[in-house]
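Colleague:
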Amino acid sequence: MELLIFAIPMVLVWLLFVRPQQKRMRDQQSLTQRAGIGDVVITAGGFIVTIMDEHDPDDDSNGLAADEVLVAMSDDVEVVMLRRSIAQIRERWDGQYADGSFAEQSPQDAESEEFDSGAADAADDSADRD
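Quick note on the working numbering: the sequence shown kicks off at 668 and runs consecutively.
#1: How long is the line joining the alpha carbons of G703 and S752, rounded to whole angstroms?
#2: Is the Cβ-Cβ distance between V685 and E758 less than 7 Å?
#3: Looking at the structure shown, is I709 part of a helix, part of a strand, or coil, going by DSSP?
#4: For G712, which residues in the same chain have their Cβ closer than 6 Å to its Cβ, ignoring the five residues on either side in sequence?
#5: Hey, out of M668, V716, Q696, whose CA is closest to V747's CA?
#6: Quick one: Cα of A733 to Cα of D723, how far?
#7: I think D720 touches L737, with their Cβ atoms under 8 Å apart; what is that distance to the nearest whole Å?
#8: Quick check on the burial criterion: 16 or more other C-beta atoms within 10 angstroms. Buried or exposed for R750?
#9: By alpha-carbon positions, which one of E669, A754, L671, W760 ends up nearest to M692?
#10: I need the boundaries of the beta strand (DSSP E) containing R757, first residue and last residue.
#11: Residues in the same chain with beta-carbon distance under 6 Å from L683, minus the five sequence neighbours each way, listed in chain order, please.
Structure representation (C-alpha cells):
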C-alpha cells in the first residue's frame, strides 16, 4: 500500500508533464528537419529568414556542419544559423524560381540553355548565308 502512495503521484507527474514535453520536443525536432532550402522560417529570436543552403553529406564544399543552415536575412545579409533555432516554418518553397524555372533546373541552367539555343540559331543563320 505504501508503494502505491509513491507510485501513483509519480505516474501522474510523468503523464501530465514529462510525456507531453517529450512529444513537443519530438515535434520541434521533426519541424527543424523538414525545413529545407527556399523555405521562409521564423527563428527562435523572431527573425523571418529564408533558408539558402544546408549541409549536404555528399558534398562538404559549402562548409556547413550537419546542424547548420545558411539563411538570408535580406538581399545583402546571409548568416549561418543552427538548425535547432528554427521555431516555425512560415512558408514552404514550392520549387519554382521567380523566372518560372523549377528546382530541378536552376535559373543559371535556364539562362545557359537560352544562350546555347541562341548560339545554335546564330550558327544556323551563318551557315545559311554561306
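Idealized CB from N, CA, C, for every residue including glycine. Because the structure is a prediction, the values reported are computed rather than measured.
Modeller: Taking the geometry as given:
#1: The C-alpha of S752 is placed about 14 Å away from the C-alpha of G703.
#2: For V685 and E758, no; Cβs fall outside 7 Å.
#3: Residue state, collapsed to three classes: strand.
#4: Contacts found: none.
#5: Selected option, being the one with the closest Cα: V716.
#6: A733 and D723: Cα-Cα distance of roughly 8 Å.
#7: Their Cβ separation, rounded to whole angstroms, is 4 Å, which keeps D720 and L737 in contact under 8 Å.
#8: With 16 or more Cβ atoms within 10 Å of its Cβ, R750 is classed as buried.
#9: Out of E669, A754, L671, W760, the CA that lies nearest to the CA of M692 is found in A754.
#10: Looking at the DSSP string, the run of the beta strand (DSSP E) that includes R757 is 753-758.
#11: The answer is none, since no qualifying residue turns up.
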